[in-house]
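Residue numbers (this note's numbering): 1119 to 1431.
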C-alpha cells in the first residue's frame, strides 16, 4: 500500500529523557545519532515506488488468498504483525529514552490477539487489563527492590498507550473475522483502506497543492483527502454490495468513516515519529518502512469497521 504524505519530519522539541541530540544545536546530527540513514531520492512521493508497489501487491494478493481459502490464518497474520510492530515502537521509544517494557508488551499483545478467538470481547478486554497490570508491576520492580524506578508515571503512561494503540485496536480485526461472513467483512475492510490509501496517493501526487496539516504531515493535502474519499466510498459501496450482499448505504457510511479514521491514524503516527525525530518506525518492508508504518491507518479503522458491521449487518 502506498501513502501520500510520507517523508522525513524533524520536530523542534526533544522528548523527555531523550538522549538524542537536538538538530537545532550546532555540530549535532540527529539522523546519525538515532541510526537513521538519509534515503536516496525516490521521487515526489518520497518512496521507492517500484519496491512499494511490489511489496504492497504481494501483501494484498496473500491476504486475499488467506480470506478465500483459510480465514482463520488471519489471526496468525495479525499476531505476527503486532509482535513486530510492538518491537519496532518499543525500540524507537527506548532510543528516545522512554524505557517501555518490551517483553510484557509483546507477550501481553499476543494474549490480547489470541484470547479474542475463544472468548471474544471478554477475552480481549481481560487480556488487556492483565497486560496493563503486569506492565505496572514490571516497571515498578525492574530496578529491584533497593531503588525506586525513574520516570515511572511517564513510562507507564506510554506503555499503556502502546498496549491500547497496537494490540487492543488490532484485536478488532480478529474479532471481525470470527463474525458471520467474517472473511468477507475483513476483505471489505482491507479493500476500503487500500482504496483510501491509493486514492490519497494518486490525488495527492497529481493535484496536491493545499497542505491539510503542514505542522504534522507536510505532504498531506486536501486534494489527497478528496481522492481518498472518492476511492474509498466507491470501493466500499461496491464491496459491501457484492461481497456482503448488504445495503449499499452501509458501504457509503463505511467509506466515509474509514477515510476519517485512516487519515487520523496516519496523522497520529506522523506526530509520534515527529516527536521521536525519525522517518520510519522500521525498515522491514522495502519502500514502506516498518510494519507499524503500514498499520497506522489500519488500527483505528479495524475498530470502526468492526463496530459498523456489528451494529448494521
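Glycine residues also receive a C-beta, built at the ideal position from the N, C-alpha and C atoms.
{"Asked": "Given 8 Å, three or more beta-carbon pairs between the segment 1398 to 1415 and the segment 1297 to 1305", "Found": "no"}
{"Asked": "Simplified DSSP state of residue 1418, which is helix, strand or coil", "Found": "helix"}
{"Asked": "Cα-Cα separation between residue 1323 and residue 1172, rounded to whole angstroms", "Found": "19 Å"}
{"Asked": "Per-residue burial, residue 1266 [other beta carbons within 10 Å of its own, 16 or more giving buried]", "Found": "exposed"}
{"Asked": "Terminal residues of the alpha helix (DSSP H) in which residue 1331 lies", "Found": "From DSSP, residue 1331 is part of no alpha helix (DSSP H) but of the beta strand (DSSP E) over 1329 to 1331."}
{"Asked": "Ranges of the beta strand (DSSP E) found wholly within the segment 1337 to 1395, counting only runs of at least 3", "Found": "none"}
{"Asked": "The segment 1326 to 1340 contacting the segment 1260 to 1275, beta-carbon criterion three pairs below 8 Å", "Found": "no"}
{"Asked": "Inside the segment 1259 to 1298 only - alpha helix (DSSP H) runs reaching at least 4 residues", "Found": "1270 to 1281 and 1287 to 1295"}
{"Asked": "Sequence-distant residues of its chain with Cβ nearer than 7 Å to residue 1230 (five each side left out)", "Found": "1242, 1245, 1246, 1249, 1285, 1286 and 1289"}
{"Asked": "Reference residue 1258, options 1296, 1291, 1219 and 1313, closest by Cα", "Found": "1219"}
{"Asked": "Residue 1208 vs residue 1232 beta-carbon contact at 8 Å", "Found": "no"}
{"Asked": "Assigned exposure category for residue 1236 - 16 Cβ within 10 Å defines buried", "Found": "exposed"}
{"Asked": "Beta carbon of residue 1350 nearer than 8 Å to that of residue 1388", "Found": "no"}
{"Asked": "Contact the segment 1355 to 1373 vs the segment 1338 to 1345: 3+ CB pairs below 8 Å", "Found": "no"}
{"Asked": "Residues bridged to residue 1335 (per DSSP)", "Found": "1331"}
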